[in-house]
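K.L.:
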Amino acid sequence: MLHLLNTPQREAVVYLGGPCLVLAGAGSGKTRVITQKIAYLIEKAGMNAKNIAAITFTNKAAREMQERVGALLPKEMLKGLTVSTFHSLGLKMLREEARHLGYKPQFSILDSADAAKIISEQLVTTDKQLIRSSMSQISMLKNDRISPDKALAMAQSEGELQLAKLYRSYQDTLFAYQALDFDDLIRLPVDLFEAHPEVLEKWQNRLRYLLVDEYQDTNTTQYQLVKLLAGVTGLFTAVGDDDQSIYAWRGANVDNLRLLQEDFPKLQVIKLEQNYRSMARILRCANAVIGNNPKLFEKKLWSDLGVGDPIMVIESKTEEEEAAMVLDHLESSRFLSNGKYSNYAILYRGNHQARIIEKQMWGRRIPYVISGGQSFYDKAEIKDVLAYLRLIANEDDDPAFIRSVTTPKRGVGNVTLEKLGSYAATRNVSFFAAVYEEGFIHQVQAAQYEPLRLFCDFINRMQDRAAKEPAGPLLNELLLAIDFETWLYENDEPRPAEAKWKNVQDLVAWITKKGEEDDKSLIDIVQTIALITMLEGRDEEDVDAVKLSTLHASKGLEYPHVFLIGCEENILPHQNSIESNMVEEERRLMYVGITRAQRTLTISYCGKRRRAGEWQITEPSRFLKELPPEDVIISGRLAGDKPKPAMSKEERKAKNAELMARIGK
DNA sequence: TGGTTAGTCGTTTTT
DNA sequence: CGACTAACCA
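Numbering (UniProt numbering), first residue to last: 1 to 665.
This is the structure in structure tokens:
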């Protein structure tokens with residue numbers, strides 16, 4: 001197997017002398033290094049799979065890694081191998097150790113919508129901006145491992161004090177719900193390990209070798225978790241690329257790359273610079289753009305896959321025209337090469353940009369799938385069903401209670417809920433518990449109380465059965481009992497009920513499979529489900545369709561032909577990033593986009609687009625000017641502009657010759 | 001209590 | 001222009 005690797009890749013795989021950092025440029029085979037290293041650890045170094053943990057950032061990446069390792073070694077040898085995201089790993093640890101933290105092991109996980117609701121209630125506001133920024137500030141505090149108490153003590157200004165108070169009450173609310181948010185899943189294990197060395201030791205013994213993927217995306221807490229688990233032996237391999245760090249806004253800290261060298265002086269640094277994905281011109285563009293950023297580690301990608309076609313830049317007048325031209329190019333290219341739709345990806349900065357493309361795709365009957373954006377788990381009908389399951393697993397989960405008791409409608413309205421809520425608050429119990437309390441029963445009329453009681457009795461019965469009965473059939477029974485399908489058909493706007501019901505069926509199928517395969521109860525499954533965007537990507541692979549994706553969601557993927565749309569000032573780089581001096585990260589985003597392309601890259605922008613209903617003049621992105629002119633052909637037309645001539649034949653010849661020389665051909 | 005409607009508001013990226 | 005909310009009627 002090792003012969004399939006190039007020299008630095010092999011070096012990275014076999015190095016077991018201590019901490020190892022692999023600086024892996026885009027397309028340089030980092031997943032291959034990680035998977036081969038796992039195989040090497042088991043096969044050659046004689047390690048037990050259950051002592052190895054590979055940590056990624058997305059479930060998709062984890063799944064892919066699992067599959068690729070599965071192709072290298074027989075199943076028996078991989079038994080107990082941990083391949084998971086930081087969040088799933090934290091979740092696993094916390095389910096086992098919850099009691100050390102005063103939580104019950106059946107705690108719920110709150111998604112950001114639930115969290116936003118809590119914040120909005122605490123602040124008594126509906127201002128989305130304010131809620132958003134409060135959430136992100138609390139998240140930052142958590143990621144820097146500052147507790148509510150510490151935040152209160154540290155507060156320097158009125159604003160900071162308010163924030164700290166909000167943080168405190170938010171956290172108290174979470175505790176009352178017996179719920180954790182995403183950040184807690186990382187933060188609490190670190191707290192736990194610091195407070196209980198014996199627990200840390202247990203996990204150090206269990207996870208003796210760590211492999212961390214996308215290391216440049218780790219935040220302070222995640223790095224501390226890695227450091228704690230790696231312990232004094234420092235047996236880990238981190239793989240990352242500072243040029244692909246695009247998550248600073250959610251706390252990722254590129255400086256962790258430098259810290260690694262500081263904290264582990266013996267760190268072995270290995271660079272992977274040969275790219276196996278893109279043709280030379282694409283890499284030249286990528287290198288040129290990223291060259292405008294300051295460098296942490298010197299690194300230059302190269303490939304021997306040939307020069308390739310020039311990068312095409314399409315100009316158009318409006319966003320509709322942009323979509324039309326991009327799709328024209330896409331269709332004619334696909335026609336000429338007789339290729340598959342799935343060879344094409346359209347990438348953009350923000351989710352909303354997909355809509356215009358989507359509309360035209362639909363009109364032209366071009367098949368497409370959208371990755372990123374609203375995940376399966378975020379769909380209303382799925383959240384409805386999961387609310388029931390969450391409540392069954394943890395009856396203290398008030399958001400789940402509220403959602404499930406009101407969907408489908410069962411005669412419990414806002415007034416009753418309000419009463420229940422304030423009663424629960426004064427008694428300091430959950431909504432669910434309050435329903436059974438004498439004090440509450442007398443507060444409402446029998447007609448209002450009846451449905452509440454019926455609902456809670458129903459949940460109680462389900463709880464008894466959920467621990468023992470097969471998951472799939474029980475869930476089906478639940479859906480039948482609440483008449484969920486009928487409810488969907490009665491509410492088939494704006495999305496058709498068939499589609500929603502299909503999603504629910506997919507969920508049932510997934511849970512049934514999980515229940516049978518791993519012999520897990522409904523409760524077991526529900527407790528891990530919050531982090532799984534399960535059906536994501538399921539049919540993506542076998543359906544022949546154009547991929548629409550945000551730049552963020554495209555990281556780690558590759559496509560023969562890539563279109564990068566909306567390449568304009570205030571979009572890419574995004575306005576907020578320009579205002580907050582974050583243009584370097586936007587440039588890395590551009591870099592990520594460019595390096596997704598294998599054979600051709602087409603970039604587009606338009607002269608004006610609608611924003612909040614108003615037409616706005618737009619300027620081409622500054623990043624366009626950073627592309628090497630000799631590798632670019634501009635086509636299309638902008639209002640007032642003549643199409644620009646391509647380079648002359650002679651110029652191109654000379655440039656090509658120079659290029660060939662540069663890449664050593 | 002629940003569904004309909006007429007206003008209002010405003011677009012980053014995600015585990 | 002379209003999604004989402006707050007008042008409004010059945």
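In this text, a Cβ means the ideal position worked out from N, Cα and C, and glycines have one as well.
Note that this is a predicted model, so its numbers are computed, not measured.
(1) Indicate whether the contact test is met: 3 or more Cβ pairs, each with one atom in the stretch 415 to 424 and one in the stretch 201 to 210, closer than 8 Å.
(2) Give the single residue among I119, Y341, G607, R599 whose Cα lies nearest to the Cα of R281.
(3) Measure the C-alpha to C-alpha separation of A471 and T512 and round it to an integer number of angstroms.
(4) In the DSSP assignment, find the unbroken beta strand (DSSP E) run with F563 in it and report its ends.
(5) Counting beta carbon pairs with one atom in the stretch 326 to 340 and one in the stretch 269 to 283, are three or more of them shorter than 8 Å?
(6) So for E469, helix, strand or coil by DSSP?
(7) Measuring only the C-alpha atoms, how far is K231 from R68?
(8) Between A324 and S549, is the Cβ-Cβ spacing less than 8 Å?
(9) Tell me the rounded alpha-carbon separation between L21 and N394.
(10) To which residues does DSSP link T407 through a beta bridge?
(11) Identify whether K271 lies in helix, strand or coil by the three-state DSSP scheme.
(12) Using a Cβ-Cβ cutoff of less than 8 Å, which residues in the same chain neighbour E43 once the five nearest sequence positions on both sides are dropped?
(13) Would I55 and S84 qualify as a contact pair, given that the criterion is a beta-carbon distance under 8 Å?
(14) Evaluate S134 with the Cβ neighbour count: other Cβ atoms within 10 Å of its Cβ, from every protein chain shown; 16 or more gives buried, anything less gives exposed.
(15) Just the Cα atoms here: how many angstroms apart are M361 and Q36?
(16) Per DSSP, R609 is paired with what?
(17) What residues are listed by DSSP as bridge partners for I52?
(18) For the alpha helix (DSSP H) that contains M312, what are its first and last residues?
(19) What is the rounded straight-line gap between the Cα of L535 and the Cα of E558?
(20) Any idea what DSSP makes of L166, helix, strand or coil?
(21) Are at least three pairs of beta-carbons, each pair with one atom in the stretch 287 to 295 and one in the stretch 265 to 274, less than 8 Å apart?
(22) Could you spell out where the beta strand (DSSP E) holding A553 opens and where it closes?
(23) Please report the straight-line C-alpha distance between K266 and E64, rounded to a whole angstrom.
(24) Distance check for M140 and M582, CA to CA, integer angstroms please.
(25) Using C-beta distances below 7 Å, list every residue in its chain close to K482, excluding the 5 sequence neighbours before and after it, in chain order.
(26) Flag this pair as yes or no: are the beta carbons of S621 and E568 separated by less than 8 Å?
(27) If you follow the beta strand (DSSP E) that V369 is part of, which residue opens it and which one closes it?
(28) According to DSSP, simplified to helix, strand and coil, what is Q445?
(29) Can you give me the C-alpha to C-alpha distance between P560 and R596, rounded to a whole angstrom?
(30) Should Y209 go down as buried or exposed, given a rule of 16 or more other Cβ atoms within 10 Å for buried?
(31) I think K317 touches C606, with their Cβ atoms under 8 Å apart; what is that distance to the nearest whole Å?
(32) Is it buried or exposed for L53, if we count other Cβ within 10 angstroms and need 16 for buried?
(33) The alpha helix (DSSP H) spanning V583 covers which residue range?
(34) From the DSSP output, in three-state form, read off K520 for me.
(35) Which residues bound the alpha helix (DSSP H) around V22?
(36) Quick check on A12: buried or exposed, where buried means 16 or more other Cβ atoms within 10 Å of its Cβ?
P.N.:
Well, looking at it:
(1) no
(2) Measuring from the Cα of R281, the nearest candidate turns out to be R599.
(3) 6 Å
(4) 559 to 564
(5) no
(6) coil
(7) A small correction: the amino acid at residue 231 is Gly; Lys does not occupy that position in the sequence shown. Taking the straight line joining both Cα atoms gives about 28 Å.
(8) The answer is no: Cβ separation not under 8 Å.
(9) 41 Å
(10) For T407, which the question treats as bridged, DSSP gives no partner whatsoever.
(11) Strand, per DSSP.
(12) L73, M77
(13) The answer is yes: Cβ separation under 8 Å.
(14) buried
(15) 40 Å
(16) Q616
(17) Beta-bridge pairing links I52 to Y209.
(18) M312 -> not in any alpha helix (DSSP H); beta strand (DSSP E) instead, spanning 311 to 318.
(19) Here L535 scores only 48 on pLDDT, less than 50, and its place in the model should not be relied on; the value that follows carries that caveat. If I take the Cα positions, the gap works out to 20 Å.
(20) In the three-state scheme derived from DSSP, where H, G and I count as helix and E and B as strand, L166 is classed as helix.
(21) When C-beta atoms of the stretch 287 to 295 are compared with those of the stretch 265 to 274, fewer than three pairs fall below 8 Å, so the two segments do not count as touching.
(22) A553 -> not in any beta strand (DSSP E); alpha helix (DSSP H) instead, spanning 551 to 554.
(23) Distance between the alpha carbons of K266 and E64 is about 31 Å.
(24) 17 Å
(25) Residue 482 is actually Ile in this sequence, not Lys. The answer, listed in chain order, is P408.
(26) yes
(27) 368 to 371
(28) coil
(29) 8 Å
(30) buried
(31) 6 Å
(32) It is worth fixing the name first, because residue 53 is Ala in this sequence and not Leu. Buried: at least 16 other Cβ atoms inside 10 Å.
(33) It spans 583 to 594 - the alpha helix (DSSP H) in which V583 sits, taken as one unbroken run.
(34) coil
(35) Going by DSSP, V22 is part of no alpha helix (DSSP H) but of the beta strand (DSSP E) stretching over 20 to 24.
(36) buried
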